[in-house]
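Novice: According to mature numbering (1 follows the signal peptide of the UniProt record, and there is no 0), the stretch in the sequence shown is residues -22 to -1, 1 to 164, in order.
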Amino acid sequence: MKKSLISLVILSTLTVSNLAMAADVRVDSRIASPQNITITGRVDADVPSCLVNTTDQLQLGTIRVSDFDGVSRISTKDSANVSISLTGCSAGLRNARITAAGIGSDTMLNTDRAGSNVGVAVLNDLGAVVSLMEEVSYDIVISQDTHGANLSIPVNYIKPVGEAATPGNVTVTLPLSILISDGDIV
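(1) Using only alpha-carbon positions, find the residue among Phe46, Ile17, Asp22 and Ser155 that is nearest to Val115.
(2) Quick test of your reading: Ile81 and Leu110, contact by CB under 8 angstroms. State the CB separation rounded to the nearest angstrom.
(3) From this set, Val60, Asp45, Ile62 and Ser11, which residue's C-alpha is nearest Thr54's C-alpha?
(4) So within the stretch 58 to 91, which uninterrupted beta strand (DSSP E) runs reach at least 3 residues, ignoring any that extend past its ends?
(5) Counting C-beta neighbours from all protein chains within 10 Å, is the total for Asn14 16 or more, i.e. buried, or is it exposed?
(6) Answer with buried or exposed for Thr(-8), where buried requires no fewer than 16 other C-beta atoms within 10 angstroms of its C-beta.
(7) Among the residues of its own chain, which have a CB less than 7 angstroms from the CB of Pro132, if the five just before and after it don't count?
(8) Do Asn73 and Ile120 come within 8 angstroms of each other at the CB atom, strictly closer than that value?
(9) With DSSP as the reference, label Ser44 as helix, strand or coil.
(10) Between Asn134 and Leu38, what straight-line distance do the alpha-carbon atoms span, to the nearest angstrom?
(11) Count the other CB atoms, across all protein chains shown, that sit within 10 Å of the CB of Val164; report buried if there are 16 or more and exposed otherwise.
(12) Please say whether Val96 and Ala143 have beta carbons closer to each other than 8 angstroms?
(13) Determine the closest residue to Gln35 out of Ile62, Thr85 and Pro12, with distance taken between C-alpha atoms.
(14) Buried or exposed: Arg42, going by 16 or more other Cβ atoms within 10 Å of its Cβ?
(15) Please report the distance separating the alpha-carbon of Val21 from that of Pro145.
(16) If you draw a straight line from the alpha carbon of Thr89 to that of Gly66, how long is it in whole angstroms?
(17) Could you compute how far the alpha carbon of Pro138 sits from the alpha carbon of Gly70?
(18) Sort out for me which residues DSSP pairs Leu129 with in a bridge.
(19) Spatial neighbours of Gly105 within its chain, please: C-beta separation below 6 angstroms, excluding the five flanking residues on both sides.
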């Protein structure tokens, strides 16, 4: 068995070496012209990227009209967070800016026509309303160790100025854009 295996290896080696040395091909005792094979491909520049994960739909939960006190327009129930995470960011990406587009109103108005007169407000870290009359930006640093970053934007129900909250469904949209950079964002 060992002898036939060695013979097979020697025979295979001779055949491969003969193929590697063949340069001309004979056709009817004439030498055919050599053939050139063109091999093509492409190498592109690395394109920096990050995987962006956002809260597609946030459930604020059910509250009662009595969850608004006489002091603040904001619900006394705990706020919820719109979560944005950047993961798998390419090496060299350092900063991100998440911008809530200006919607021409301090708060996000309810788009459910048969719903409540209550809207939703974006809040700052202290729980105060962040006006959405103009765009609002959040700058975050991308970790060079984890190649990611996270941002939580607190939101809560808000009633109209000078009005009592009415029962009904609430549906709002928060338009966001995300800019990721390998340098400072100006």
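No residue lacks a Cβ here, since even glycine has one placed at the ideal position from N, Cα and C.
Specialist: From the atom records:
(1) Here residue 115 corresponds to residue number 137 of the sequence shown, with the count starting at 1. Per the sequence shown, residue 115 should be read as Ser rather than Val. The residue with the shortest Cα to Cα distance from Ser115 is Ser155.
(2) On the sequence shown, residue 81 is found 103 positions in, with the first residue counted as 1. On the sequence shown, residue 110 is found 132 positions in, with the first residue counted as 1. Between Leu110 and Ile81 the Cβ distance is about 5 angstroms, and since that is below 8 angstroms, they are a contact.
(3) By 1-based counting over the sequence shown, the position of residue 54 is 76. It is Asp45.
(4) 58 to 65 and 73 to 78
(5) Here the question's residue 14 lines up with position 36 in the sequence shown. Classification for Asn14: exposed.
(6) Along the sequence shown, read from residue 1 onward, the residue named residue -8 stands at position 15. Model confidence at Thr(-8) stands at a pLDDT of 41, short of 50, so the residue's coordinates are unreliable; what they give is reported in the following sentence. By the 10 Å Cβ count, Thr(-8) comes out exposed.
(7) Here residue 132 corresponds to residue number 154 of the sequence shown, with the count starting at 1. Same-chain partners within the cutoff: Ser57, Asn59 and Leu101.
(8) Numbered from 1 along the sequence shown, position 142 holds the residue referred to as residue 120. Numbered from 1 along the sequence shown, position 95 holds the residue referred to as residue 73. Yes. Within cutoff.
(9) Sequence index remark: in the sequence shown, residue 44 carries index 66 (1-based). Ser44 falls in the helix class under three-state DSSP.
(10) Here residue 134 is taken as the residue at index 156 of the sequence shown, counted from 1. Here residue 38 is taken as the residue at index 60 of the sequence shown, counted from 1. If you take the alpha carbons of Asn134 and Leu38, they lie about 7 angstroms apart.
(11) Within the sequence shown, the letter at position 186 stands for residue 164. So Val164 ends up on the exposed side.
(12) Position 165 of the sequence shown holds residue 143. Position 118 of the sequence shown holds residue 96. Contact: yes.
(13) The residue you call residue 35 lines up with position 57 of the sequence shown. It is Ile62 whose Cα lies nearest to the Cα of Gln35.
(14) What you label residue 42 is simply residue 64 of the sequence shown in a count that begins at 1. When all chains shown are included, Arg42 counts as exposed.
(15) Taking the first residue of the sequence shown as position 1, residue 21 is located at position 43. Taking the first residue of the sequence shown as position 1, residue 145 is located at position 167. C-alpha separation (whole angstroms): 60 angstroms.
(16) The residue you call residue 89 lines up with position 111 of the sequence shown. The residue you call residue 66 lines up with position 88 of the sequence shown. About 35 angstroms.
(17) Residue mapping note: residue 138 aligns to position 160 of the sequence shown, counting from 1. Residue mapping note: residue 70 aligns to position 92 of the sequence shown, counting from 1. Cα-Cα distance, rounded: 45 angstroms.
(18) If you number the sequence shown from 1, residue 129 lands on position 151. Leu129 pairs with Ile62.
(19) Translated into positions along the sequence shown, residue 105 becomes position 127. So the list is empty, once near-sequence residues are dropped.
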